[in-house]
C-alpha cells in the first residue's frame, strides 16, 4: 500500500516536471514568435496551451484523490499541497506565454516591438526562457541553490519591467506600441513572479518552512 | 470530534468571507483613490494589503492542518481544497487593488485617467466593486445563481478591457497615459477572472462538478 502511494507521489513529481517542460517550450516559442513575427509558431503556442490546462486539471484531481485515499500527513501532505500550488503557477505561466503569442498574432504581419525597445524585450525573453528552464530543474532536483537563482532572475525581470515604463514614456512610440509593450513587459514580469512562487514551494517542500515574503511589484 | 471539525470548517468559511469583505473594501477604496486622486486613501489600501496577505497565510496553514488532523474525504475535503484555492484568488484581488492604489500614488497630485477615458474606467471600477461584493455573497450563501451573475460581470469587464485598447490607440493620450490605462484596464479585467474562479470553486463545492472552462482573455 505504502509502495503504491510512494510510486504515485513520484509520478506526481514527474508529471509536474513534464508540465514544466511544456511551459518552457511555450515561453521560448512565444518569445520567438513575438520577436520574429512568426505566425505559425504563435498559433502553435496558442493551441498547445490547452494541453497545459488539461495537465493542470488532471494533476489537481489526482492530488485531491490522493489526499482522500491515502490521508497523508507531514512531508507527504506537503508534497501534495505543493503540487496543487505549483500546477496552478505553471498553468498561469502557460497562459502568459499564450497571451504573448496572441499579441504576436494580432499584429502579424507587422512586428510588435519597435527598434528602440528590441534590446529590452529580447533580454526579458531570454531571462524568462532561463527562468522557465530553472523551474523545471528545481522541480526535478529540489535544489535550494537553484531556488535562490530563480529569485535573482526574477529581480532582473522586475528591473527590465521598470525600465520599459521609462522607455515607453520617453521614446517616440505610438500609443498602440505603448499598449503592446506595457502588456508584454507585464507578462514577462509575471513569469518571474510565478517562477519565484514555485521555487518557494520547493523550499517549503524540502525544509517545511515558508521563505520570507519579499512582497510583489506592480 | 466530528462537532469540532464541523465548527472548524464553518470557521474557515466565515474567515474566507471576512477576507472577501476586506478585498471588497480594498477594491472600492483603490478605485476611489484612483478617480479622485486621494493620496491618503491610496496609502491606506497599500498598507491594508498586508492584512489580506496574512489572512491568506493563516487560512492556508489551517487548511493543511485540517487535512492532516482530520483526514477529510468527499464533501469536507472539497470544502478545504476549495478554501485553499479561493484564498489564493482573494489574495490576488487584494494585490490588484494595491497595484491600482500604487498607480494613483505614483501620479499624485496628478490624476491618472484622462477625461476621454474617465467613463470607461469608472464603469470598470463600478463593475469590479459589484463583482467583489458578489464574491463575498457567493462565499456566504453558496448561491449558484449568484455564481452565474459573476460570470456576467466578468464579461462586462472583458468588454470594457477590450474597449480601452481601441481607446488608447485612437484617442489623443500620451504614452505615459497609455501605459497607465493599459495596466489599470488589465488589473480590472483580472478582478473579473479571479471572481469567476471563486464562483466556479463554489459551484464545485456545491455540486462536486467543475463548470466547463470558457478560456481566458488577454
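Chains as they are written, first to last, in the numbering used here: chain C, 1 to 218; chain S, 1001 to 1218. C-beta: ideal position from N, C-alpha, C; glycine also. Keep in mind the model is a prediction, meaning the values are calculated, not measured.
Rounded to the nearest whole angstrom, the CA to CA distance from residue 173 of chain C to residue 1064 of chain S is 49 Å. Put simply, the CB of residue 1113 of chain S is far from chain C, with every gap to its CB atoms at 8 Å or more. Contact annotation, residue 1045 of chain S with residue 1026 of chain S: C-beta distance approximately 5 Å; criterion of less than 8 Å satisfied.
Contact between residue 206 of chain C and residue 142 of chain C holds: CB atoms are separated by about 5 Å, below the 8 Å threshold.
Taking residue 22 of chain C as the centre and dropping the five residues before and after it, the same chain places the C-beta of 48, 51, 52, 55 and 94 closer than 8 Å to its C-beta, in chain order. If you look at residue 37 of chain C, you'll find it isn't in any alpha helix (DSSP H); DSSP assigns it neither H nor E. At a Cβ-Cβ threshold of 8 Å, residue 1154 of chain S and residue 1135 of chain S do not count as neighbours. Under the three-pair Cβ rule at 8 Å, the stretch 1033 to 1043 of chain S counts as touching the stretch 1112 to 1131 of chain S. Within chain C, the residues whose beta carbon sits less than 7 Å from that of residue 1067 of chain S are 67 and 77, listed in sequence order. When DSSP states are grouped into helix, strand and coil, residue 171 of chain C belongs to the coil group.
Taken through DSSP and simplified to helix, strand or coil, residue 154 of chain C comes out as helix.
The closest CA to that of residue 28 of chain C, considering only C:101, C:105 and C:6, is found on C:101. For residue 176 of chain C, at least one C-beta of chain S is nearer than 8 Å to its own C-beta. The residue from S:1208, S:1140 and S:1030 with its alpha-carbon nearest to that of residue 1103 of chain S is S:1030. Nearest CB-CB separation between residue 1084 of chain S and chain C: below the 8 Å threshold. Of the candidates S:1209, S:1005 and S:1202, S:1202 places its Cα closest to the Cα of residue 1151 of chain S.
Judged by beta-carbon spacing, residue 1078 of chain S lies beyond the 8 Å limit of residue 1188 of chain S, meaning their Cβ atoms are not closer than that value. Under the 10 Å beta carbon count, residue 1092 of chain S is surrounded by 16 or more other beta carbons and is classified as buried.
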